[in-house]
Ligand code: SF4
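Numbering (the numbering used here), first residue to last: 78 to 577.
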């Protein structure tokens with residue numbers, strides 16, 4: 078049975094491409110960042126390891142136009158195609174499914190992703206997709222599903238696989254098979270087959286890598302062990318939490334460094350290990366001498382998850398990039414988002430990370446439906462203060478857009494806070510909620526925060542860091558900052574051009 082895991086190139090009217098594989102939010106970029114969709118890559122690997130013929134078909138990373146991508150897909154004639162559906166690209170994927178079905182009527186069209194999995198009926202009613210996979214443990218569910226369909230000679234009249242909703246070809250009815258319960262340990266997930274997913278396509282164009290080639294590891298945590306932030310996709314009854322053993326993960330790091338020459342490894346788990354697990358991981362890296370191979374390590378975390386002892390060990394093991402959600406400088410907003418900490422803890426944590434030479438990267442959002450001018454200024458001022466003091470190295474600002482039926486999205490729907498209802502408008506390129514102040518204030522705040530990268534106080538702080546005589550600080554100033562400046566311009570355009 079031939080299975081294609083497919084990401085069609087989706088280009089908007091400005092020539093920007095949709096970055097669908099990014100774990101949390103879709104954005105359209107002119108100069109795209111190619112992010113390896115980790116669980117999908119693990120799913121492809123699992124299928125291949127079980128003897129199926131798998132096509133890894135990322136039209137974006139393969140630098141194909143839509144027409145090139147489509148022509149190849151039709152020629153390949155897969156028995157089953159899997160795609161990922163998130164709010165801003167749902168209309169596109171629904172239309173695409175109709176087109177594929179007319180050209181390949183016997184191909185089974187399957188979709189996963191956070192929007193589709195939370196509204197499976199909608200997708201099955203509005204499109205030619207046959208099956209919605211409702212689990213983030215895509216690798217396990219897809220394998221069960223494919224095995225069952227293969228055993229039934231490609232019939233989907235009646236399926237038993239858990240964690241799917243499907244259209245029966247026999248009756249035309251939409252049948253829900255209930256949720257998928259993860260009973261296996263994440264150690265039974267498969268480590269990504271790098272050749273299969275053409276890993277080098279993702280190794281260079283990623284602004285988060287200070288050195289290349291970089292890559293994403295197979296995530297050690299599936300979903301998020303916190304899972305409470307209201308805007309986040311990793312928040313919902315459908316999500317579970319499971320983790321991989323340290324040995325299995327470090328084995329992969331060792332292979333990536335020794336056999337693929339990787340110079341930076343990022344783990345894109347919602348939040349990475351904490352406490353004893355994080356320390357044991359660092360110790361295992363050191364025990365195997367991997368901290369001396371010139372490769373940096375990084376991960377996502379949340380404030381409060383790393384204490385001084387942990388940060389000390391991470392630093393010794395050559396960890397560098399720590400991606401962390403500041404979201405807002407307003408305690409009111411942090412509380413509304415259910416972040417579970419305040420600005421006091423944020424500053425304390427950033428001080429520790431900086432003390433041990435880590436490079437925190439802040440993610441910030443603006444445009445919450447309750448955000449007043451004062452709250453917005455709290456954010457801009459806090460971010461300036463943090464960056465000028467050298468407590469974080471890089472930042473990323475986005476417009477908080479309700480997507481994928483997260484609690485924030487549902488709140489906006491139930492309380493009439495949305496200004497638009499076409500899913501195409503949920504692409505994070507403009508504020509789409511009713512707010513207490515004019516939207517122009519949020520766009521200005523975005524420009525102000527991105528402009529910090531050019532401020533003399535920020536540059537001066539980076540020069541001071543050079544006197545630590547650490548390679549990473551020199552790289553940061555002379556290599557990375559040039560790349561970053563290009564990207565900053567793009568980010569400002571992406572997030573503010575619709576306000577002009
Ligand atoms: S800690 Fe991060 S990944 Fe976890 S729910 Fe909050 S925003 Fe999402």
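Don't be surprised by glycine CBs; every beta carbon is placed ideally from N, CA and C.
For residue 133, which of helix, strand or coil comes out of DSSP?
Residue 133 carries a strand assignment under DSSP once its states are collapsed to helix, strand and coil.
Does the ligand SF4 have a heavy atom nearer than 6 Å to the CB of residue 303?
Residue 303 Cβ: within cutoff of the ligand SF4.
Sequence ranges, alpha helix (DSSP H) only - wholly within the region 344-408, length at least 4:
Counting only runs of 4 or more, we get 352-364 and 385-393.
Nearest by alpha-carbon distance to residue 537: which of 231, 292, 470 and 113 is it?
It is 470 whose Cα lies nearest to the Cα of residue 537.
Cutting at 7 Å between CB atoms, please list the residues of its own chain near residue 408, excluding the five before and the five after it.
Cβ contact annotation for residue 408 (same chain, cutoff 7 Å, sequence separation greater than five): 419 and 420, in chain order.
Please classify residue 546 as buried or exposed, where buried requires at least 16 neighbouring CB atoms within 10 angstroms.
That one is exposed.
Pull up the distance between the alpha-carbon of residue 328 and that of residue 130, whole angstroms please.
When the Cα atoms are used, residue 328 and residue 130 turn out to be separated by approximately 26 Å.
Report the residue from 152, 85 and 244 whose alpha carbon sits nearest the alpha carbon of residue 167.
With distances taken between Cα atoms, residue 167 lies closest to 85.
Cβ of residue 115 within 6 Å of any heavy atom in the ligand SF4?
No, the beta carbon of residue 115 sits no closer than 6 Å to any heavy atom of the ligand SF4.
Bridge partners - residue 95, DSSP secondary structure assignment:
Answer is 105.
What are the partner residues of residue 253, as DSSP defines its beta bridges?
Residue 253 is bridged to 242.
According to DSSP, what are the bridge partners of residue 269?
Paired residues: none, contrary to the question.
Using 10 angstroms around the beta-carbon of residue 457, count the other beta-carbons present and answer buried if the total reaches 16, otherwise exposed.
Residue 457 comes out buried.
Which of the three DSSP states is assigned to residue 100 in this structure?
With a pLDDT of 49 at residue 100, under the threshold of 50, the modelled position of this residue cannot be trusted; read the value that follows with caution. The answer is coil: DSSP assigns residue 100 none of H, G, I, E or B.
Should residue 497 be labelled buried (16 or more other beta-carbon atoms within 10 Å of its own) or exposed?
Using a 10 angstroms sphere on the CB of residue 497, the tally of other CB atoms stays under 16, which defines it as exposed.
Can you name, in chain order, every residue of its own chain whose Cβ lies under 6 Å from the Cβ of residue 522, other than the five neighbours on each side?
Shown here for residue 522: same chain residues with a beta carbon closer than 6 Å to its own, the five before and five after excluded, namely 443, 453 and 457 in chain order.
Residue 282, DSSP secondary structure in three states
Residue 282: coil per DSSP, three-state reduction.
Which whole-angstrom value is the C-beta distance of residue 446 and residue 511, which I expect to be below 8 Å?
Yes, they are in contact, since the Cβ atoms of residue 446 and residue 511 sit about 6 Å apart, within 8 Å.
What did DSSP end up calling residue 473 once you bin it into helix, strand or coil?
For residue 473, the secondary structure class from DSSP, reduced to helix, strand or coil, is strand.
First and last residue of the alpha helix (DSSP H) that includes residue 77?
Any answer about residue 77 is impossible in this case: the structure gives the chain only from 78 up to 577.
Where does the unbroken alpha helix (DSSP H) through residue 186 begin, and where does it stop?
Taken as a continuous stretch (DSSP letters only), residue 186 belongs to no alpha helix (DSSP H), being part of the beta strand (DSSP E) at 185-189.
Going by beta carbon distance, what residues of the same chain come within less than 6 Å of residue 100, once the five residues before and after it are set aside?
At residue 100 the pLDDT is 49, less than 50, meaning the model places this residue with poor confidence; the figure from the coordinates comes in the next sentence. Within the same chain, residue 100 has close Cβ partners 345.
Nearest to residue 176 (by Cα), restricted to the options 162, 150, 323 and 226:
Residue 150 is the option with its Cα nearest to residue 176.
Beta bridge counterpart(s) of residue 84 as assigned by DSSP:
Note: residue 84 is bridge-paired with 135 in the DSSP secondary-structure output.
Residue 331 to residue 367, Cα distance in whole Å?
Their backbone Cα atoms lie some 7 Å apart in a straight line.
Cβ neighbour criterion (16 or more within 10 Å) applied to residue 542
The Cβ neighbour count for residue 542, taken over all protein chains shown within 10 Å, is at least 16; the residue is labelled buried.
Quick one, which of 196, 145 and 133 has its alpha-carbon nearest residue 157's?
Residue 133 holds the alpha-carbon nearest to the alpha-carbon of residue 157 among 196, 145 and 133.
Say whether the region 414-434 touches the region 495-509, bearing in mind that this needs 3 or more beta-carbon pairs closer than 8 Å, one atom from each stretch.
With the cut-off at 8 Å, the region 414-434 and the region 495-509 do not touch.
Just list the residues that DSSP pairs residue 319 with in beta bridges.
The beta-bridge partner set that DSSP reports for residue 319 consists of 299.
Distance cut-off 6 Å: residue 306 Cβ against heavy atoms of the ligand SF4
In this structure, the C-beta of residue 306 approaches the ligand SF4 to less than 6 Å from one of its heavy atoms.
Going along the chain, which residues of its own chain have a beta-carbon closer than 7 Å to the beta-carbon of residue 518, five neighbours each way excluded?
The answer, listed in chain order, is 450 and 453.
With residue 397 and residue 287 assumed to form a contact (beta carbons below 8 Å), what rounded beta-carbon distance in angstroms separates them?
About 7 Å separates the two Cβ atoms, so the contact holds.
Please go through the same chain and pick out, in chain order, the residues whose beta-carbon is closer than 6 Å to the beta-carbon of residue 387, but skip the five residues on each side of it.
Listed in chain order, the non-local C-beta contacts of residue 387 below 6 Å within the same chain comprise 355 and 356, local neighbours out to five positions each way being set aside.
Neighbour-count burial assignment, residue 261, 16 or more Cβ in a 10 Å radius
Here residue 261 is exposed, its C-beta having fewer than 16 other C-beta atoms within 10 Å.
Please report how far the alpha carbon of residue 55 lies from the alpha carbon of residue 411, in whole angstroms.
What is shown of the chain runs 78 to 577, which leaves residue 55 out entirely.
Buried or exposed: which applies to residue 540, given that a residue is buried once 16 or more other Cβ atoms fall within 10 Å of its Cβ?
So residue 540 ends up on the exposed side.
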